[in-house]
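Engineer: In full-length UniProt numbering, the protein residues as written are 1 to 265.
Just so you know, even glycine gets a beta-carbon here, dropped at the ideal spot from N, CA and C.
The following block contains the structure:
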């Protein structure tokens, strides 16, 4: 990667990797040090790609940095949002229409959650939160009185609703997402590596949804590195990573060191 940066693809997740995990997902913002490191790398490597469950445009919006380079300033950046169903590039988002099951889930989720005796969050209130991603919906329990207990109560009913609507569930850090089938971070990364003719790859992530991207790095047959942005909430990913760092700050430091190594080669 350092000897042949023009053939390298740097892939990263957003939440928990570039941005700290926060109680309200709408409050997530990129670590400015990570954005600055990616801005350096964008001019040095073959490609920088963010692969996230967030809508692609949201990742860009939450990647703004006052007084410094934000994600939109990363040269040649591509954001594969909604697990690869959306693509942001050169300021434009392209995506297929959402499947019809999403509208049903959107209508039924509040009723389902209430029927389970779980309060929904209001402004500043504790409870279960629904994040509408347009083509997917995520149910967060981080602000519930008993986050793990609420997650256990929700797991089976949400899986049933997903199956009835032709969708799938994606578990994460105190969140269950109902989203379209047929795409995951691994498939998205597979396609991107082929598109760019990559000769090496690094992928950094923090959660169970990033396992598919780790697997894509390994099956690519390319010189590759998997990086875990470690947390106390998700411990299994670290055992499968080549490199473990401490959260988004650790990711930022690693990316900055990589940029420095390429610049100094």
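1) Helix, strand or coil for residue 155? Go by DSSP, reduced to three states.
2) Spatial neighbours of residue 133 within its chain, please: CB distance less than 6 angstroms, with the 5 preceding and 5 following residues excluded, ordered by chain position.
3) Candidates 46, 87, 106: which alpha carbon is nearest residue 196's?
4) Please report how far the alpha carbon of residue 251 lies from the alpha carbon of residue 204, in whole angstroms.
5) Between residue 71 and residue 262, which are expected to be in contact by the criterion C-beta below 8 angstroms, what is the C-beta distance as a whole number of angstroms?
6) Do residue 161 and residue 178 count as a contact pair if the criterion is CB distance below 8 angstroms?
7) Only counting the same chain, and skipping five residues up and downstream in sequence, which positions put a Cβ closer than 8 angstroms to that of residue 113?
8) Would you mind giving the Cβ-Cβ distance between residue 187 and residue 84, rounded to the nearest angstrom? I have them listed as a contact below 8 angstroms.
9) Looking at the structure shown, is residue 32 part of a helix, part of a strand, or coil, going by DSSP?
10) Following the continuous beta strand (DSSP E) through residue 266, name the residue where it begins and the one where it ends.
11) Please list the terminal residues of the continuous beta strand (DSSP E) segment that includes residue 110.
12) If you reduce the DSSP assignment to three classes, tell me which class residue 132 lands in.
13) In chain order, what residues of the same chain lie with their CB nearer than 6 angstroms to the CB of residue 32, ignoring the 5 residues before and after it?
14) Could you tell me which of 9, 23, 4 sits nearest to residue 144, measuring between CA atoms?
15) Starting from the Cα of residue 184, find the closest Cα among 11, 53, 108 and give me that residue.
16) Can you find at least 3 beta carbon pairs, one from the segment 239-253 and one from the segment 9-23, that sit closer than 8 angstroms?
17) Considering only their Cβ atoms, is the gap separating residue 11 from residue 49 smaller than 8 angstroms?
18) On a CA-only basis, which of 182, 97, 93, 110 is nearest residue 212? Give me that one, please.
Structural biologist: The short version:
1) As a first step, residue 155 is located in the chain shown; it is residue number 155 there, counting from the start. Correct three-state label for residue 155: helix.
2) Counting from 1 along the chain shown, the entry for residue 133 is found at position 133. These residues qualify, in order along the chain: 55.
3) Locating residue 196 in the chain shown gives position 196, where the first residue counts as 1. When only C-alpha atoms are compared, the closest one is 46.
4) Here residue 251 refers to the residue found at position 251 of the chain shown. Here residue 204 refers to the residue found at position 204 of the chain shown. Rounded to whole angstroms, residue 251 to residue 204 spans 8 angstroms at the Cα level.
5) The residue given as residue 71 occupies position 71 in the chain shown. The residue given as residue 262 occupies position 262 in the chain shown. Cβ atoms of residue 71 and residue 262 stay farther apart than 8 angstroms, at about 19 angstroms.
6) Numbered from 1 along the chain shown, position 178 holds the residue referred to as residue 178. Numbered from 1 along the chain shown, position 161 holds the residue referred to as residue 161. Using a Cβ distance threshold of 8 angstroms, residue 178 and residue 161 count as a contacting pair.
7) Indexing the chain shown from 1 puts residue 113 at position 113. Only 120, 128, 130, 139, 154 meet the Cβ criterion.
8) Counted from its first residue, the chain shown places residue 187 at position 187. Counted from its first residue, the chain shown places residue 84 at position 84. Going by Cβ atoms, the distance from residue 187 to residue 84 rounds to 6 angstroms, so yes, they are a contact pair.
9) Here residue 32 corresponds to residue number 32 of the chain shown, with the count starting at 1. Of the three classes helix, strand and coil, the one that applies to residue 32 here is helix, per DSSP.
10) No answer is possible for residue 266: it lies beyond the span of the chain, which begins at 1 and ends at 265.
11) Locating residue 110 in the chain shown gives position 110, counting from the first residue. For residue 110, there is no enclosing beta strand (DSSP E); the enclosing alpha helix (DSSP H) covers residues 101-115.
12) Locating residue 132 in the chain shown gives position 132, counting from the first residue. Correct three-state label for residue 132: strand.
13) By 1-based counting over the chain shown, the position of residue 32 is 32. Only 65, 68 meet the Cβ criterion.
14) Here residue 144 refers to the residue found at position 144 of the chain shown. Here the closest residue by C-alpha is 23.
15) In the chain shown, residue 184 corresponds to position 184, counting from 1. From the listed residues 11, 53, 108, the smallest Cα separation to residue 184 is found for 53.
16) They touch, by the three-pair rule.
17) Within the chain shown, residue 49 is the residue found at index 49, counting from 1. Within the chain shown, residue 11 is the residue found at index 11, counting from 1. Yes. Within cutoff.
18) Indexing the chain shown from 1 puts residue 212 at position 212. The candidate whose alpha carbon is nearest that of residue 212 is 182.
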